[in-house]
Amino acid sequence: MTLLAASKVSLSFAGVRALVNIDLQIEEGELLGIIGPNGSGKSTLFNVLSGIYRVDQGTIVFRGERIERFGIAQIVRRGIARTFQNKRLFGTMSVLENVEVAAMKGVQGSALGDVFGLNSSLQARKKAGAIAERCLVLTGLADSTGLLARDLPYGAQNRLEIARALALEPTLLLLDEPAAGLNPSERAELQELIRRVHAEGLTIALVEHDVRMVTGLCARAIVLDHGEKIADGASAMVVRNPRVQAAYFGEVESEEEAHAA
Amino acid sequence: MAALHQRWWFWAATLAALLALPALAPQYVVHIANFILIYTLPVVGLGFLTGFTGRVSLAQGALFGVGAYTTALLTTKLGWAPVATLVPSVLMTIVLAVSLGGAAVRLAGLYFVMATIGIQQIVWLVLMNWIELTNGPQGVRSIPAVGLGEYSLETPQQFYFLALVAAGISYFLAKRVIGSRLGLFLRALSDDQLAASSVAVEVGRAKVTALALSAAWAGAGGFLYAHYVRFIHPDMFGLEPSVLFLVMSMFGGYRSIEGMIVATALLESATEYLRPFGEFRMIAYGMILLLGMMFFPMGILTLVRRRAGAPAAGKD
Amino acid sequence: MFDQLFIGGLATGCVYAVVGLGFTLVYRTLRMVNFAQGHVFMAGAFLGLVIAERVHLPALPLLFVVGAVAFALGMVLERLVFRRLYHNHEVFIVGSIGLGIVLMNGVRVFFPEPVPFPKVFGSEVVQIGAARFQEGYLWVVLSTLVLVVLLHAMFTYTRTGRALRAVAADAEIAATVGVDVKRAIALTFGLSFAVAAIAGVLIGPLYFVSFDMGDMVGLKAFSAAVFGGINSIPGTILGGLVIGVLENLAGGYISSAYKDLVAFVILLVMLIWRPTGLLGRETPVKV
Chain A
1 MTLLAASKVS
11 LSFAGVRALV
21 NIDLQIEEGE
31 LLGIIGPNGS
41 GKSTLFNVLS
51 GIYRVDQGTI
61 VFRGERIERF
71 GIAQIVRRGI
81 ARTFQNKRLF
91 GTMSVLENVE
101 VAAMKGVQGS
111 ALGDVFGLNS
121 SLQARKKAGA
131 IAERCLVLTG
141 LADSTGLLAR
151 DLPYGAQNRL
161 EIARALALEP
171 TLLLLDEPAA
181 GLNPSERAEL
191 QELIRRVHAE
201 GLTIALVEHD
211 VRMVTGLCAR
221 AIVLDHGEKI
231 ADGASAMVVR
241 NPRVQAAYFG
251 EVESEEEAHA
261 A
Chain B
1001 MAALHQRWWF
1011 WAATLAALLA
1021 LPALAPQYVV
1031 HIANFILIYT
1041 LPVVGLGFLT
1051 GFTGRVSLAQ
1061 GALFGVGAYT
1071 TALLTTKLGW
1081 APVATLVPSV
1091 LMTIVLAVSL
1101 GGAAVRLAGL
1111 YFVMATIGIQ
1121 QIVWLVLMNW
1131 IELTNGPQGV
1141 RSIPAVGLGE
1151 YSLETPQQFY
1161 FLALVAAGIS
1171 YFLAKRVIGS
1181 RLGLFLRALS
1191 DDQLAASSVA
1201 VEVGRAKVTA
1211 LALSAAWAGA
1221 GGFLYAHYVR
1231 FIHPDMFGLE
1241 PSVLFLVMSM
1251 FGGYRSIEGM
1261 IVATALLESA
1271 TEYLRPFGEF
1281 RMIAYGMILL
1291 LGMMFFPMGI
1301 LTLVRRRAGA
1311 PAAGKD
Chain C
2001 MFDQLFIGGL
2011 ATGCVYAVVG
2021 LGFTLVYRTL
2031 RMVNFAQGHV
2041 FMAGAFLGLV
2051 IAERVHLPAL
2061 PLLFVVGAVA
2071 FALGMVLERL
2081 VFRRLYHNHE
2091 VFIVGSIGLG
2101 IVLMNGVRVF
2111 FPEPVPFPKV
2121 FGSEVVQIGA
2131 ARFQEGYLWV
2141 VLSTLVLVVL
2151 LHAMFTYTRT
2161 GRALRAVAAD
2171 AEIAATVGVD
2181 VKRAIALTFG
2191 LSFAVAAIAG
2201 VLIGPLYFVS
2211 FDMGDMVGLK
2221 AFSAAVFGGI
2231 NSIPGTILGG
2241 LVIGVLENLA
2251 GGYISSAYKD
2261 LVAFVILLVM
2271 LIWRPTGLLG
2281 RETPVKV
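Residue numbers (our numbering), protein chains in the order written: chain A, 1 to 261; chain B, 1001 to 1316; chain C, 2001 to 2287.
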């Protein structure tokens, strides 16, 4: 079943076309890879899906509902959660609090109830705490709950972004270059984490620069170039498509060498 | 456990000292203590915006004035009992703050500061010029003292306990607000607004709520102030108190309600004791602001807190 | 009556525009608001007064000397004071308010009462249409014009001016192409002090000068800058003129009591409607 369907989505900034007539289906339960060179529109696509940018044209339907005019918070409430490429954590808050904020989405009660210690609110806080705890355990952060987010090492900040998104209990998770800046062992851990989360039934779309990671993780992939979708299909096939090779591969190889060096 | 034990003693000693103060200290000291206790309300209220939301307001003095004028006019012109005007004063302040600042509080940081300067001046100019309602530059005289049954709180010593209870409630409630999910949301959005919306925090609503809360605290503080000084004038609610409240909440250090209260006490007593020096007092006050910001941009109390170890993560 | 109100408003508007320029110069370089600006204007008026009482200088040299002294003072204060306040905008606001209080009360020690200013710009009455004015009003308008042209020429044609513009546009990029950013910031403060002080001397002969004259003018000039666009020099000048004229007309036709309200209502409405002001440009948000 199709979970999300974007059709003919276009967006320009001051005359520069960032997305051109993008059609995209994400099926329930799949792990979709989105690849493309720098500036190809991958992150822009995520920003459109998560409500940060409004489309100029086109529709986005998520679980039978048009969402392209919704605000950021509205879209999260419908069940799309995301991470950011350039880590946007709540730096002055503890690791646990970072995740708790997100976990609050799914629980009842009100701020006023919290202030006056109403039972329903206390129960809700407890529930949020439990959700947060579970997400922290899943991402291997259970031992650093008291640290401030900004004091975490980079790799752990990365996992905290994912834990925070998971605490929203989403139907669809958008991961924006989660492997950027990680060392090989951290990459392996991350892949393992993504597999595990996916195995629990979560639908995931993964923007990634590293083609090997995408072919390793995702059955299907799409390729963007200059804001256009130039390929869509089985990830192993997609990367052999000549257009993709032309648009993308030279750059990736040099990137890979840079990682190896 | 040792820390908790020590803390228990600390609170008990503070409470005992506060209760004994009017009996032991000279009247002048009690008088200053009353101002400190009253000012903790607008300062703590402002803290919801500055420390916790990352929104600096220079209109808190005006909102404090709205609370004071509401109760002053209701009691002197319509003859209401002072106790009955607390709720209207608070509500009036909230309504005014939200209607003038509700749209502006969604703006990026510095633009909000600019808007609050506009609000501050508008309120002050209206208090000064709407003579039929506010008496304009004549001010409002003979505001009645707060009465509890037969008992009227006229002297500084009598008023002290009311102010102490009010400051206590304000402190306690503020701690609860900060500990609530709203506090969590506000801290999140002041760290990163986009990230906060993308974890489903209704950023706009949270900010307006913070503004309304800070106005409520200011209104309650204004209520106390009017019934303590019993004569109010528009100039008491100009830009000067707004700056003073902002400085008190900033000197207290980032996101610490206790710090704000201590800073209020220090700054208020310092400026009171400088009073005999006339214009030199104001020079000294300006120097305190300037040097304080130059050398302790995160608040004077952060030094002490750093040394005591980071308490922010708390018991978790 | 309209002519009289309009030209009077134009002269006040020029003062708002010039003092407002001080806000704009600092804002576009640092994204900070210097709330001592109004008090620099006041201090400039008193500096002019002190000089004019001791040395008999014609108007132009007087303006020049005051501008030069204020420029130097701005550079020095940048080094000693402002530089330590760049932490964030709250710190800068409170620190600069503190500096303003020090300036105001420092002057108050020597001049506790309002004092008349020597009539350095002549005291003849000029007739334009139905309106009659002191010569001083013309001086204000003409000097503002000259000042704006000079500033424009400096920003367009001199190396220093181009460097200042580069720093205002993007300090990091400016630094990589070899602009001395620290010096540019110091010069910016020098300029903002100089224009405000010159405005003080221009307005001095038209009214009495007093230690608290910078309070209201500073806040209105600030409103003018925000209204026109606080990162835009033409915007600030337009904003100053519009607010000066509108408040004078409102004072004349509606009620003098609410004359002062005009600037602040405009400020608030503008911020909600279009925070970047009439001519200001939006800075794009990066995600």
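Cβ coordinates follow ideal geometry from the N, Cα and C atoms, glycine included.
Handout entry: is_contact[Ala1115(B), chain C] using C-beta, thresh 8 Å
Key = Yes, contact with chain C.
Problem - Near-chain A residues of the region 1161-1173 of chain B (beta-carbon distance less than 8 Å), N- to C-terminal order - result: Residues passing the 8 Å Cβ filter: Leu1173.
Problem - Within the region 2066-2140 of chain C, ranges of the alpha helix (DSSP H) (whole runs, at least 4 residues) - result: 2089-2110, all fully within the region 2066-2140 of chain C.
Problem - Own chain residues within Cβ distance below 6 Å of Asp225(A), not counting five before or after - result: Hits under 6 Å: Gly36, Ser40, Ala247.
Problem - Beta-carbon spacing of Ala132(A), Ala179(A) below 8 Å - result: In this structure, Ala179(A) does not lie closer than 8 Å to Ala132(A) by Cβ.
Problem - Rounded C-alpha distance that separates Val2285(C) from Leu1194(B) - result: No answer about Val2285(C) holds up, because its pLDDT of 45 lies below 50 and its placement is not dependable.
Handout entry: Neighbour list for Ala1103(B) in chain C, Cβ cutoff strictly below 8 Å
Key = The contacting residues are Ile2272.
Practice task
Look at the Cβ atom of Ile2233(C), then the Cβ atom of Ala2263(C), and state whether they are nearer than 8 Å.
Solution key: Their beta carbons are not under 8 Å apart, which means Ile2233(C) does not touch Ala2263(C) by this criterion.
Handout entry: As assigned by DSSP and simplified to three states, the class of Arg2274(C)
Key = Correct three-state label for Arg2274(C): coil.
Problem - Environment of Pro2205(C) [buried if 16+ CB atoms lie within 10 Å] - result: Around the beta carbon of Pro2205(C), 16 or more other beta carbons sit within 10 angstroms, so the residue counts as buried.
Exercise for the section: Give the straight-line distance between the Cα atoms of Ile222(A) and Lys229(A), rounded to the nearest whole angstrom. Expected result: So the alpha carbons of these two residues sit roughly 7 Å apart.
Exercise for the section: Measure the Cβ-Cβ separation of Val2141(C) and Cys2014(C) and say whether it is below 8 Å. Expected result: Yes, they are a contact pair.
Practice task
Return helix, strand or coil for Phe13(A), following the three-state DSSP convention.
Solution key: Phe13(A) falls in the strand class under three-state DSSP.
Problem - Straight-line Cα distance separating Arg159(A) from Lys42(A) - result: Taking the straight line joining both Cα atoms gives about 21 Å.
Problem - Tyr1285(B) at chain C interface by Cβ criterion, 8 Å - result: Chain C has a Cβ within less than 8 Å of the Cβ of Tyr1285(B).
Handout entry: Contact list for Ser1371(B) against chain A, beta-carbon separation under 7 Å
Key = Nothing about residue 1371(B) can be read from this structure; chain B reaches only from 1001 to 1316.
Handout entry: Whether Gly2038(C) touches Gly2100(C) by CB criterion (8 Å)
Key = Cβ distance < 8 Å, so Gly2038(C) and Gly2100(C) count as in contact.
Problem - Residue-chain proximity (Met237(A), chain B), Cβ-Cβ < 8 Å - result: By this cut-off, Met237(A) is not an interface position.
Practice task
Answer with buried or exposed for Phe2071(C), where buried requires no fewer than 16 other C-beta atoms within 10 angstroms of its C-beta.
Solution key: Under this definition Phe2071(C) is a buried residue.
Handout entry: From Gly2218(C), His2056(C), Leu2145(C), Phe2117(C), residue whose alpha carbon lies closest to that of Ala2104(C)
Key = For the sequence presented, residue 2104(C) should be read as Met rather than Ala. Its Cα nearest to that of Met2104(C), the residue Gly2218(C) stands out among Gly2218(C), His2056(C), Leu2145(C), Phe2117(C).
Practice task
Tell me whether the beta-carbon of Leu338(A) lies closer than 8 Å to the beta-carbon of His198(A).
Solution key: A query on residue 338(A) cannot be resolved here, the shown segment of chain A reaching from 1 to 261 and no further.
Handout entry: Beta-carbon proximity check, Val2102(C) vs Val2201(C), cutoff 8 Å
Key = Going by C-beta atoms, Val2102(C) is not nearer than 8 Å to Val2201(C).
Handout entry: Rounded separation between Phe1295(B) and Gly2098(C) - CA only
Key = Spanning the two alpha carbons is a distance of roughly 13 Å.
Problem - Local Cβ density within 10 Å of Val2177(C), reported as buried at 16 or more and exposed below that - result: The residue in question, Val2177(C), is exposed, as its Cβ has fewer than 16 Cβ neighbours within 10 Å.
Exercise for the section: Please decide whether Leu1049(B) counts as near chain C, where near means a Cβ-Cβ distance under 8 Å. Expected result: Residue contact check for Leu1049(B) against chain C: no CB pair falls below 8 Å.
Practice task
Could you tell me which residues DSSP pairs with Gln157(A) in its beta bridges?
Solution key: DSSP output for Gln157(A) lists no bridge partner at all.
Problem - Near-chain B residues of the region 93-124 of chain A (beta-carbon distance less than 7 Å), N- to C-terminal order - result: Residues Met93, Ser94, Leu96, Glu97, Glu100, Val101, Ala102, Met104, Lys105, Ala111, Asp114, Val115.
Practice task
Taking C-beta pairs closer than 8 Å, name the residues in chain B that Phe90(A) reaches, listed in chain order.
Solution key: Chain-order list of chain B residues neighbouring Phe90(A): Arg1187, Ala1188, Asp1191, Asp1192, Ala1195, Ala1196, by C-beta distance under 8 Å.
Exercise for the section: Would you please verify whether the beta carbon of Leu1184(B) is less than 8 Å from any beta carbon of chain A? Expected result: Yes, Leu1184(B) counts as interfacial toward chain A.
Problem - contact_flag[the region 1078-1093 of chain B, the region 1131-1149 of chain B] where n(CB pairs < 8 Å) is 3 or more - result: Between the region 1078-1093 of chain B and the region 1131-1149 of chain B there are three or more C-beta pairs closer than 8 Å, enough to call the two in contact.
Problem - Cα-Cα separation, Leu277(A) to Asn241(A) - result: The structure shown does not extend to residue 277(A), since chain A is modelled only from 1 to 261, so the question has no answer here.
Practice task
Step through the CB atoms of chain B and report whether any lies within less than 8 Å of the CB of Leu4(A).
Solution key: The beta-carbon of Leu4(A) is placed no less than 8 Å from the nearest beta-carbon of chain B.
Practice task
Answer yes or no: does any C-beta atom of chain B fall closer than 8 Å to that of Phe13(A)?
Solution key: Judged by the 8 Å Cβ criterion, Phe13(A) is not in contact with chain B.
Handout entry: At least three beta-carbon pairs within less than 8 Å, the region 2214-2228 of chain C to the region 2022-2042 of chain C
Key = When C-beta atoms of the region 2214-2228 of chain C are compared with those of the region 2022-2042 of chain C, three or more pairs fall below 8 Å, so the two segments count as touching.
Handout entry: Minimum C-alpha distance to Arg69(A) - residue among Ser50(A), Phe84(A), Lys87(A)
Key = Answer by Cα proximity: Ser50(A).
Problem - chain B contacts from the region 23-56 of chain A (Cβ-Cβ distance under 9 Å) - result: For the region 23-56 of chain A, the set of positions with a beta-carbon nearer than 9 Å to some beta-carbon of chain B reads Ser50, Gly51, Ile52 in chain order.
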